[in-house]
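So the protein lines, in turn, are chains A and B. Just so you know, we're using the numbering used here here: the first sequence kicks off at 1 and counts up by one. Just so you know, we're using the numbering used here here: the second sequence kicks off at 1 and counts up by one. Every residue gets a Cβ at the ideal spot worked out from N, C-alpha and C, and that includes glycine.
There are 2 protein chains.
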Amino acid sequence: MAEPGVNVSDGRMRAVIERITPCVDGGRFAAKRIAGDEVVVEADCFTDGHDTIACLLRWRRDGESAWHETPMAPLGNDRWRASFVAKSVGGYRYTVTAWVDHFLSWRHDFARRVEAEDLRVAALVGAGLIEGAAERAKGADCTRLKGWAAQLRSVSDAQALRTLGLDEELAAAAGRYPDRRFAATCPAEYPLVVDRARARFSAWYEMFPRSASSEAGRHGTLRDCEAHLPYIARMGFDVLYLPPIHPIGRVNRKGANNALVAGPGDPGSPWAIGSAEGGHTALHPELGTLEDFRRLAARARACGIEIALDIAFQCAPDHPYAGAHPEWFRWRPDGSVQYAENPPKKYQDIFPFEFESEDWRALWNELAGVIRYWASEGVRIFRVDNPHTKPFPFWEWAIAEIKREYPEAIFLAEAFTRPKVMHRLAKLGFTQSYTYFAWRNAKHELIEYFTGLTQGSGREYFRPNVWPNTPDILTEYLQFGGRPAFIVRLVLAATLAASYGIYGPAFELLEAAPRDPGSEEYLDSEKYQIRHWNLEAPHGLADLIARVNRARRENPALQSDASLRFFPVDNESLLCYAKSAAEVENLVVTVVNLDPHHVQSGWVELDLASLGIDAHTPYQMHDLLSGARFLWSGPRNFVQLDPQRAPAHVFALRRKVRTERNFDYFL
Amino acid sequence: MAEPGVNVSDGRMRAVIERITPCVDGGRFAAKRIAGDEVVVEADCFTDGHDTIACLLRWRRDGESAWHETPMAPLGNDRWRASFVAKSVGGYRYTVTAWVDHFLSWRHDFARRVEAEDLRVAALVGAGLIEGAAERAKGADCTRLKGWAAQLRSVSDAQALRTLGLDEELAAAAGRYPDRRFAATCPAEYPLVVDRARARFSAWYEMFPRSASSEAGRHGTLRDCEAHLPYIARMGFDVLYLPPIHPIGRVNRKGANNALVAGPGDPGSPWAIGSAEGGHTALHPELGTLEDFRRLAARARACGIEIALDIAFQCAPDHPYAGAHPEWFRWRPDGSVQYAENPPKKYQDIFPFEFESEDWRALWNELAGVIRYWASEGVRIFRVDNPHTKPFPFWEWAIAEIKREYPEAIFLAEAFTRPKVMHRLAKLGFTQSYTYFAWRNAKHELIEYFTGLTQGSGREYFRPNVWPNTPDILTEYLQFGGRPAFIVRLVLAATLAASYGIYGPAFELLEAAPRDPGSEEYLDSEKYQIRHWNLEAPHGLADLIARVNRARRENPALQSDASLRFFPVDNESLLCYAKSAAEVENLVVTVVNLDPHHVQSGWVELDLASLGIDAHTPYQMHDLLSGARFLWSGPRNFVQLDPQRAPAHVFALRRKVRTERNFDYFL
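Rendered as structure tokens:
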């Protein structure tokens with residue numbers, strides 16, 4: 001028989017710690033929070049027998065050597081909880097420690113003893129434990145504890161002994177010096193990534209700078225973009241995302257509407273990066289200079305807008321890398337570089353990197369260096385193009401590297417791919433993720449998808465950023481639903497998810513023509529040609545977008561996703577959901593008519609108890625889009641939505657908090 | 001910036017492995033199976049981009065140095081599955097390895113290429129990959145692969161090239177020699193404990209040997225027990241569990257009905273172990289000798305019955321340990337040993353061990369030695385008394401130690417305590433666990449509890465063993481429900497759980513008088529006095545029990561728990577559920593009237609699709625208790641149960657498989 005406890009450092013470590021939350025893959029990946037969040041940690045902690053245990057949450061910022069310790073409180077059923085405030089952006093770790101606390105056990109039993117002799121013997125036991133605490137204590141506590149133990153040894157009157165033994169203040173003093181010799185600590189240290197607020201709450205506007213010219217026919221520049229900033233700020237966006245602004249390849253350049261051969265004036269796709277003018281750290285000469293970029297970024301900042309750049313790790317055939325680093329590409333037996341393909345489709349204008357290169361370390365360094373270059377230029381938001389076609393270990397390493405230097409950096413993963421791949425990218429470090437939102441249109445689809453996003457296992461690490469359109473995605477719903485469809489998708493995006501974006505001006509100008517029937521590609525897509533947009537067009541949605549984004553800014557309920565709950569409506573075209581920010585009593589209820597063609601009406605059934613609303617007191621529904629106010633009472637209320645007038649209500653629910661003697665009835 | 005891939009052994013290991021199942025606490029504990037089981041392992045495996053991956057399940061028996069490898073098949077949504085048969089009892093480990101398979105990727109793409117030039121270049125790429133496989137291959141395969149590559153390099157006709165490139169047999173040859181240089185292997189090796197069949201399917205009978213005498217007033221012996229074996233075997237039990245058979249302490253011995261002071265003739269509680277006659281490895285002299293024990297065990301075996309002993313790690317004050325090992329007990333300041341207590345209750349007849357002793361290693365060794373002693377005497381089933389009052393690390397170590405020597409050992413945890421404590425004991429190695437079954441009487445309680453047991457996270461490691469009564473538990477339901485209550489609880493126990501037990505003869509003789517009103521203690525409990533039972537009493541349930549146990553033996557559906565499913569009945573007193581053994585098309589449907597006082601009837605609604613029953617073909621319900629046969633069709637059928645006649649149906653559902661030309665219509 002083997003020696004006892006070969007795998008046990010000490011058989012007297014009797015406390016058990018299980019099921020710590022938050023937990024992503026057993027601590028392999030980090031949960032995500034925002035600076036200032038209260039991080040609530042729970043664990044199952046218990047021991048054998050009837051002894052009392054004590055549990056501590058231990059946490060520290062990366063780089064701190066000492067742990068902070070916070071006592072955990074029991075929730076019942078052996079579950080314990082404590083929290084700490086993650087004050088600053090960066091990495092944290094937390095774990096739990098627990099031990100059998102003989103002093104607490106003694107006190108618990110002492111309170112239940114009745115016989116005098118029993119109390120006297122127990123007092124002596126307690127005195128021994130308190131003397132142990134006194135040895136660990138310092139200064140005044142040490143003296144007090146010694147005194148307490150001496151009294152427990154000398155007093156003989158049972159009633160006096162009981163009062164003495166249960167003294168609250170002395171117990172608190174003893175509790176400060178527990179015997180932790182046999183404390184068990186969960187071996188895993190759970191990582192936590194704390195981001196800045198924009199990681200959780202952001203409104204993105206995507207535009208092609210080359211279409212920003214004020215005159216049709218002229219190539220837009222970064223300088224032209226400056227003129228758009230007030231327009232974008234007025235709509236209420238806080239992130240301006242620019243597709244790649246680097247030199248565009250000339251070899252195998254695509255023409256308008258993805259034509260295989262470009263005409264002489266065709267500008268090419270901005271995602272075909274690199275030419276004689278430079279690669280991923282250069283600027284496309286026709287857009288302007290680095291100085292122009294810095295100026296645009298500064299002016300945007302002044303409007304409350306941050307520039308997000310596109311990280312697209314692929315090369316046009318004439319990218320400088322192709323000549324300088326042939327080892328970073330895969331070569332075909334015919335002596336040419338392997339272009340991107342998905343047989344029988346070929347993308348001869350794009351060379352992917354060969355991540356199985358012998359020289360992978362240099363390649364990783366170079367690519368991380370690209371991000372680092374733009375970060376050193378002040379860029380803190382990166383939209384990453386197709387991250388799922390580059391190895392997961394690369395992203396895990398690269399994002400950690402960049403965030404070590406720039407902890408406020410935000411990475412949005414543009415991975416429209418299978419669910420587990422998208423989740424892996426979110427786990428390994430991407431701050432936000434594109435979603436399947438564009439293809440979720442029916443009521444049951446939206447309920448199922450957003451319930452999964454906000455309550456499924458991904459809720460700890462997958463932050464959805466939802467887009468009704470992108471330059472690649474003009475959905476069938478938008479193609480055929482007309483203006484109401486755009487409004488519906490805008491309101492859904494902006495109220496279902498704390499982060500959303502639109503590709504404009506195509507979106508607010510209701511651009512809806514596809515390249516081919518059945519295609520999700522735009523006709524005359526900006527991906528391949530320069531467009532000129534009339535931002536003053538009377539049918540535009542800019543004013544409505546401004547109202548929606550104002551509602552988001554003014555209502556904390558819309559600034560995070562965890563509180564999202566759906567409610568029944570007896571009409572399959574009407575969707576109703578609420579979000580709340582309990583700490584400020586903010587509650588937003590949205591009702592959307594998903595049918596862009598017909599008036600729909602029905603009875604909404606709110607779960608008033610879960611919303612904290614009294615069932616017998618009327619409450620006011622203040623529509624933040626129209627300004628109208630409705631008085632509702634009880635759980636069931638009638639809603640009718642005409643897509644031509646207003647396909648959605650975004651209600652701030654205001655409780656009646658004053659009496660008739662006050663002027664404003666509702667808060 | 002740090003060197004790329006500090007935490008990555010090679011950046012070219014692009015495959016990802018996640019969420020391997022079965023998995024208990026991330027591999028910290030073992031899943032449990034039975035020898036001969038097909039162990040189905042699944043994992044999420046994927047890589048970046050569009051490449052094809054290959055996945056292998058790797059498994060080995062403890063002690064084997066080499067892994068067995070089984071290819072995993074994709075289930076869709078990046079989930080992969082493979083299985084192996086765990087042929088023998090003992091420990092196993094499994095894990096998963098996956099890699100980007102360039103040959104498979106090449107073949108997948110090759111099949112989709114259309115242009116001749118494209119095919120020719122691709123053929124050269126393929127030739128290179130196949131030459132790589134040839135280098136790894138041996139003998140004939142090597143030659144064939146070299147030949148294949150040469151052909152791919154020389155053939156120029158596109159159609160011929162396509163046929164050649166997609167040759168199935170040659171692809172299989174190349175597939176035998178994959179390039180696994182960059183294979184990723186899940187770092188965790190998941191443990192699996194494989195037990196013998198009785199660990200999952202067992203019927204226990206508990207009896208006090210000292211009550212086995214054929215004459216009232218005489219102390220029963222192990223020899224007397226032999227006479228009971230045919231009776232127990234006739235009822236169909238396969239485990240005979242004896243409460244402790246060791247010398248009983250004399251100091252502070254309890255009297256009848258738990259009286260504080262024993263009378264001169266009182267035999268004491270068998271759980272107050274140890275006296276001058278010896279301790280945990282000795283036999284109570286009045287029961288007989290070690291030779292008698294060996295004889296009883298042998299005769300039991302001949303009847304298909306295994307003896308289970310009680311492991312109760314506590315001491316009477318006069319246990320030899322108390323004198324020989326004072327360091328294994330806790331001492332009170334008054335110089336006495338700390339007895340068991342739960343203030344204000346005191347159990348002065350019991351000394352618990354002090355597991356925080358400095359000498360804990362010697363104590364662990366001694367206690368494991370007790371189990372080992374009885375194992376060396378041929379005992380392979382241990383019912384462990386109150387394991388939750390001894391440290392978890394002790395049990396994890398001790399059970400592993402014993403099972404290393406005696407892998408067929410079975411440990412039943414008698415821990416009636418909080419759920420997480422019970423689960424921890426099951427996780428750390430107990431083979432079976434007592435449950436809350438005795439206190440689950442209402443329909444919704446039974447559905448909720450057994451759904452949790454069979455479908456909750458514990459299903460991989462927590463094997464319920466359910467008891468309608470024990471010497472400590474005479475439930476209110478049995479006290480007031482009369483004979484129907486005993487039948488109801490028997491049928492529930494035996495058909496809801498593959499392992500169950502009764503404490504007899506109290507159970508089959510319908511003993512129902514409590515010591516005090518509101519108490520679950522038996523009046524004149526055998527724990528403190530010798531009883532004499534009339535096994536021939538006409539009201540006894542022995543015949544019914546025999547029928548129930550025969551149904552269990554003859555129907556594989558009742559021999560495991562994973563298939564349990566409940567079905568609706570429109571009567572809150574009627575409970576309906578099914579168990580199935582799909583591999584042998586065995587299906588048992590049980591309907592129980594939970595009301596022991598009134599006739600109840602209702603419409604049972606089976607989910608025929610989930611049971612694999614055609615909705616339009618009648619099926620036969622053969623009641624295994626009464627022998628009656630009913631013809632049912634469709635999902636809804638009527639049931640009426642009179643508690644006085646038969647409170648339950650245990651139906652074998654027989655599908656109609658023959659036509660009228662056959663004699664027996666139903667199988």
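In this structure, DSSP gives B:Q479 a helical state, which the three-state scheme calls helix. Put simply, the CB of B:V121 is near chain A, with a gap under 7 Å to one of its CB atoms. Across the structure, A:L558 and A:R552 are spaced so that their CA atoms are roughly 5 Å apart. Residue contact check for A:D37 against chain B: no CB pair falls below 7 Å. For the pair B:P568 and B:L535, the CB atoms are not nearer than the 7 Å cut-off. Among the residues of chain A, those whose CB is under 7 Å from the CB of B:T389 are D48, G49, following chain order. Under the Cβ distance rule, B:E356 counts among the residues neighbouring chain A, one pair being separated by less than 7 Å. When Cβ-Cβ separations below 7 Å define contact, A:V421 makes contact with chain B. By the Cβ neighbour-count rule, B:N342 is exposed, with fewer than 16 other Cβ atoms within 10 Å of its own. Under the three-pair Cβ rule at 8 Å, the region 346 to 365 of chain A does not count as touching the region 376 to 383 of chain A. Any Cβ of chain B closer than 7 Å to the Cβ of A:P393 would place that residue at the interface, and such an atom is present. When the Cα atoms are used, A:V488 and A:L544 turn out to be separated by approximately 11 Å.
When C-alpha distances from B:Y461 are compared across B:P22, B:D141, B:I17, B:V639, the shortest belongs to B:P22. Listed along the chain, the chain B residues whose CB falls inside 7 Å of the CB of A:W360 are G11, R12.
Apart from the 5 residues on each side of it in sequence, A:F566 sits with its Cβ closer than 6 Å to the Cβ of I447, Y577 in its chain, given in chain order.
If you check each beta-carbon in the region 328 to 342 of chain A against every beta-carbon of chain B, the ones closer than 7 Å belong to R332, P333, D334, N342. Judged by DSSP in its simplified three-state form, A:A537 adopts coil rather than helix or strand.
Collapsing the DSSP output to three states places B:V421 in a helix.
Using a Cβ distance threshold of 7 Å, A:A183 and A:T52 do not count as a contacting pair. Sixteen is the threshold: since fewer than 16 other Cβ atoms of the shown chains lie within 10 Å of the Cβ of B:W331, the residue is exposed. Residue pairing of A:T95 in beta bridges, as defined by DSSP: A:R58. In the assembly as shown, B:L104 is a buried residue. Its beta-carbon has 16 or more other beta-carbons within 10 Å.
For A:E511, no beta strand (DSSP E) run applies, since DSSP gives it neither H nor E. Look at B:L166: its C-beta is not under 7 Å from any C-beta on chain A.
Around the beta carbon of A:S626, fewer than 16 other beta carbons sit within 10 angstroms, so the residue counts as exposed. The straight-line gap separating the alpha-carbon atoms of A:L425 and A:S563 is approximately 24 Å. Residues of chain A with a Cβ closer than 7 Å to the Cβ of B:P344 are, in chain order, R112, R113, V114.
Judged by beta-carbon spacing, B:P317 lies within the 7 Å limit of B:N252, meaning their Cβ atoms are closer than that value.
Neighbours of B:N77 across chain A, judged by C-beta separation under 9 Å: R418, P419, K420. In the three-state scheme derived from DSSP, where H, G and I count as helix and E and B as strand, A:G278 is classed as strand.
With a threshold of 7 Å between beta carbons, A:R162 makes no contact with chain B.
Not one beta carbon of chain B lies nearer than 7 Å to the beta carbon of A:V370.
Nearest Cα to B:A581 within the set B:A652, B:L574, B:A537, B:S519: B:A652. In summary, B:V125 is buried, with 16 or more beta-carbon neighbours lying within 10 Å of its beta-carbon over all protein chains present. By the Cβ rule, the region 133 to 153 of chain B does not count as touching the region 354 to 368 of chain A, because fewer than three pairs are nearer than 8 Å. The region 601 to 608 of chain B makes no contact with the region 505 to 518 of chain B: fewer than 3 CB pairs, one atom from each, lie closer than 8 Å.
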